[in-house]
Amino acid sequence: MRTKILAQVVLMAFIAAFGLTGCKNPPWKKGTSGGGGLGAESPIAPLGPGGETSVGPRPMVGEGGLPQSQFQPVYFDYDSARIKPSEDSKLEAVATYMKSNPGKLVIEGYCDERGTAEYNRALGERRALAAREQLIKLGVDPSRMSTISYGKDRPVDLGHDEAAWAKNRRDEFVVVNQ
Amino acid sequence: MGNGKWLMVIGFAWVTATSHAQVNVVKGRRSFGVSGFGGDAAIAGQVTEVLKNDLRLSGYFALAPASSAEFVQSGAVRGDRTGLSVECVVMQQATKRVVLSKSYQGSAQDLRRVVHKLTDDIVQTITGQRGIAQTKIAFVWTRGSVKELAVMDYDGYNAHQLTYDKSISVRPRWSPDGRKIVYTSYKNLFPDVLEVDLYTGQRRRLATFPGLNSGATFSPDGATIALTLSKDGNPELYTMSATGGDLHRLTHTRGGESSPTWSPDGQAITYVSDDSGAPQIWMINRAGGASSRLTVSPSYNTEPDWSRPPANSDMKPMLALTSRVGGRFQIGLFDSSTGAVRPVVADSADNEDPSWAPDGRHLVFAKTQHWRTQLYLLDVVTGEQVQLPAVEGGASEPAWGP
Numbered sequence: 001m002r003t004k005i006l007a008q009v010v011l012m013a014f015i016a017a018f019g020l021t022g023c024k025n026p027p028w029k030k031g032t033s034g035g036g037g038l039g040a041e042s043p044i045a046p047l048g049p050g051g052e053t054s055v056g057p058r059p060m061v062g063e064g065g066l067p068q069s070q071f072q073p074v075y076f077d078y079d080s081a082r083i084k085p086s087e088d089s090k091l092e093a094v095a096t097y098m099k100s101n102p103g104k105l106v107i108e109g110y111c112d113e114r115g116t117a118e119y120n121r122a123l124g125e126r127r128a129l130a131a132r133e134q135l136i137k138l139g140v141d142p143s144r145m146s147t148i149s150y151g152k153d154r155p156v157d158l159g160h161d162e163a164a165w166a167k168n169r170r171d172e173f174v175v176v177n178q
Numbered sequence: 001m002g003n004g005k006w007l008m009v010i011g012f013a014w015v016t017a018t019s020h021a022q023v024n025v026v027k028g029r030r031s032f033g034v035s036g037f038g039g040d041a042a043i044a045g046q047v048t049e050v051l052k053n054d055l056r057l058s059g060y061f062a063l064a065p066a067s068s069a070e071f072v073q074s075g076a077v078r079g080d081r082t083g084l085s086v087e088c089v090v091m092q093q094a095t096k097r098v099v100l101s102k103s104y105q106g107s108a109q110d111l112r113r114v115v116h117k118l119t120d121d122i123v124q125t126i127t128g129q130r131g132i133a134q135t136k137i138a139f140v141w142t143r144g145s146v147k148e149l150a151v152m153d154y155d156g157y158n159a160h161q162l163t164y165d166k167s168i169s170v171r172p173r174w175s176p177d178g179r180k181i182v183y184t185s186y187k188n189l190f191p192d193v194l195e196v197d198l199y200t201g202q203r204r205r206l207a208t209f210p211g212l213n214s215g216a217t218f219s220p221d222g223a224t225i226a227l228t229l230s231k232d233g234n235p236e237l238y239t240m241s242a243t244g245g246d247l248h249r250l251t252h253t254r255g256g257e258s259s260p261t262w263s264p265d266g267q268a269i270t271y272v273s274d275d276s277g278a279p280q281i282w283m284i285n286r287a288g289g290a291s292s293r294l295t296v297s298p299s300y301n302t303e304p305d306w307s308r309p310p311a312n313s314d315m316k317p318m319l320a321l322t323s324r325v326g327g328r329f330q331i332g333l334f335d336s337s338t339g340a341v342r343p344v345v346a347d348s349a350d351n352e353d354p355s356w357a358p359d360g361r362h363l364v365f366a367k368t369q370h371w372r373t374q375l376y377l378l379d380v381v382t383g384e385q386v387q388l389p390a391v392e393g394g395a396s397e398p399a400w401g402p
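Protein sequence lines, in the order shown, are assigned to chains A and B.
When we follow this note's numbering, the leftmost residue of the first sequence carries the number 1, and every step to the right adds one.
When we follow this note's numbering, the leftmost residue of the second sequence carries the number 1, and every step to the right adds one.
This is how it looks when you write it as structure tokens:
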């Protein structure tokens, strides 16, 4: 299993380094000397620490992306990143699992479709970080947890009413590298 | 100029002009009669159509019958598979003065660009102001469940997809020289700040810290990038060198900071913070220190964007933003003397993400109606809104290029 994941990671790194070959050329590239699609990403010199890095390092994830969440989502009020008391037991279930199982936890923060996009990216991150704070208090090692904010993207319910929005204002919890 | 640079990007596009322009600096909205062009009827028709649209979008002219217009245009076109030639004369009727007489050559596929150049010359000659007809707009193109970056002409034509990542690529911002675009990409799963060089297509990872990396925005001199990072446990505002490194943290709050825009002089950064409970617009020196809150009401203000009009412009720098009022999102302008937000696009739709044109007079923004989002232009002087040609799937988060 571990070998398979490692192989996937190596493949991902290879794709990242030489990626986009085989992608369709943007039309505006026609006639330019460079040819090819968008070039590969070239990493730049790593940035030095700008203070204590308190968010855990990103886990390496295989080519298939993240698996489905195996926990109950934690729901939020509109425009709020506060964990409601009604959600506490869901976080306790996550903490209990993490303390007795290997792997890393990715906390995904989401918003409903109302509101401006970039503000919602920050709000979704605060929702993920709020759960992370609570999980730290519940005894989960901070270095095993990382966050992703999707903002308004990837709603779980495509409806346009309060029932749908309430389902979309959420944190999801995904365990990887088990 | 950005104009020359786009030649490389677009390919063999080229425009040359010979000028006998007589500069006549007059200001305001003037009546303009487009008589059309002699020569090949099909080409003449297209040139006339693009010219009329450009003149209308410029905001400086009201199209009028040639007989009664202050300015009247005449001209001729010639074209075949190998090339296109457009000659244009603009006369002020009352004085019988020729204010512009130019001929333009380009490749056969280059008709719109040729006319955009002609329009900018007409605007410059008659008003003394910089036109926008040759500018570009970057935007997020929703294609099914993925979001890709795209660039198009300011009038919504010639949309070209930039990314083919089948992921989420959002929040593009231009470098001041028009060569690069920074944006937020989820192609490596986590939100990273990437930069794409429009000359070469080369991409670079600018910020890939744990947590959120987003909101990257070039300083007016292009040397520094402001952005949001959550690596220290909360979404905060940072600056970094545009070449990488030299990271500085600016804010220390319990709320989230996002959406930086540089003040016109480049000395301060205006941004969104919800540290006071609801999202409002704040400002901080580029070196950090104490921040000051700009907006008080309405109760939700986000997505600030400073205009940066040219030095000789009639326009003053203005701060556009998105407000939520009565559950609807509207575009507003912040008045620094009163602290009030003046709505400029407020209707039954949701209007978001304003981005200034380099003339400091026009905005592009995203309008959502019936849960479909498309881009519109606004002339803040006339108040006129124009819908850009609809993009299949939807267009959002526009960024007007330099």
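Virtual Cβ for every residue (Gly too), placed ideally from N, Cα, C.
Counting only the Cα atoms, valine 174(A) lies some 8 angstroms from lysine 104(A). Scanning chain A for C-beta atoms nearer than 8 angstroms to the C-beta of asparagine 234(B) yields Arg126 and Leu129, reported in chain order. The way I'd put it, the segment 231–245 of chain B does touch the segment 203–212 of chain B; three or more beta-carbon pairs between them come closer than 8 angstroms. Taking 9 angstroms as the cut-off, the Cβ atoms of proline 220(B) and proline 176(B) count as close.
Listed along chain B, the residues sitting closer than 7 angstroms to glutamate 118(A) by beta-carbon distance are Arg171, Ser214, Gly215, Ser258, Ser259 and Glu303. Looking from the CA of tyrosine 75(A), the closest CA among Ala163(A), Pro57(A) and Ile136(A) belongs to Ala163(A). At least one beta carbon of chain B lies nearer than 9 angstroms to the beta carbon of arginine 121(A).
Excluding residues up to 5 positions away in sequence, Trp165, Asn168 and Arg169 lie with their Cβ nearer than 6 angstroms to the Cβ of aspartate 112(A) in the same chain. Interface with chain B (9 angstroms Cβ-Cβ cutoff): alanine 164(A) is excluded.
Put simply, the CB of arginine 170(A) is far from chain B, with every gap to its CB atoms at 9 angstroms or more. Within the same chain, Cβ atoms closer than 8 angstroms to the Cβ of aspartate 274(B) are found at Gly255, Gly256 and Gln280, the five residues on either side in sequence being excluded. Taking a beta-carbon distance threshold of 9 angstroms, tyrosine 104(B) does not count as an interface residue toward chain A. Valine 61(A) reaches chain B at Leu189, counting residues in chain order whose Cβ is nearer than 7 angstroms. C-alpha of glutamate 195(B) to C-alpha of serine 258(B): approximately 19 angstroms in a straight line. Tyrosine 154(B) counts as buried, since at least 16 other C-beta atoms from the protein chains shown sit within 10 angstroms of its C-beta. Looking at the backbone, the Cα of glutamate 397(B) and that of serine 89(A) are separated by about 38 angstroms. Close to leucine 66(A), with beta-carbon spacing below 8 angstroms, are these residues of chain B in chain order: Leu189. Those residues of the segment 105–136 of chain B placed with their C-beta closer than 9 angstroms to a C-beta in chain A do not exist. The beta-carbon distance between glycine 401(B) and glycine 178(B), rounded to whole angstroms, is 5 angstroms. This is short enough to meet the 8 angstroms contact definition. Per DSSP, the unbroken alpha helix (DSSP H) holding lysine 90(A) starts and ends at 88–100.
Rounded to the nearest angstrom, the gap between the Cα atoms of alanine 81(A) and leucine 123(A) is 7 angstroms.
Taking C-beta atoms under 8 angstroms as the contact rule, asparagine 351(B) and phenylalanine 329(B) qualify, at a distance of about 6 angstroms. Residue pairing of methionine 283(B) in beta bridges, as defined by DSSP: Thr270(B) and Ser292(B). Residues are counted here when their Cβ sits less than 8 angstroms from a Cβ of chain A; for the segment 310–325 of chain B these are Thr322 and Arg324, given in chain order. Tryptophan 371(B) reaches chain A at His160, counting residues in chain order whose Cβ is nearer than 7 angstroms. Nearest Cα to glutamine 387(B) within the set Gly394(B), Asp379(B), Ala395(B) and Leu375(B): Leu375(B).
With its beta carbon less than 9 angstroms from one in chain A, lysine 147(B) belongs to the interface. At least 9 angstroms separates the CB of threonine 270(B) from every CB of chain A. Using a Cβ-Cβ cut-off of 9 angstroms, glycine 83(B) does not count as an interface residue toward chain A, since no Cβ of chain A sits closer than that to its own.
For glutamate 113(A), at least one C-beta of chain B is nearer than 9 angstroms to its own C-beta. Under the criterion of beta carbons closer than 8 angstroms, glutamine 105(B) and cysteine 88(B) do not qualify as touching, at roughly 12 angstroms. Rounded to the nearest whole angstrom, the CA to CA distance from alanine 117(A) to alanine 138(B) is 16 angstroms.
Rounded to the nearest whole angstrom, the C-alpha separation of phenylalanine 71(A) and arginine 56(B) is 56 angstroms. The DSSP-derived three-state label of valine 50(B) is helix.
A residue is called buried once 16 or more other Cβ atoms fall within 10 Å of its Cβ, and serine 291(B) is buried on that count. Taking 9 angstroms as the CB threshold, tyrosine 150(A) lines the interface with chain B.
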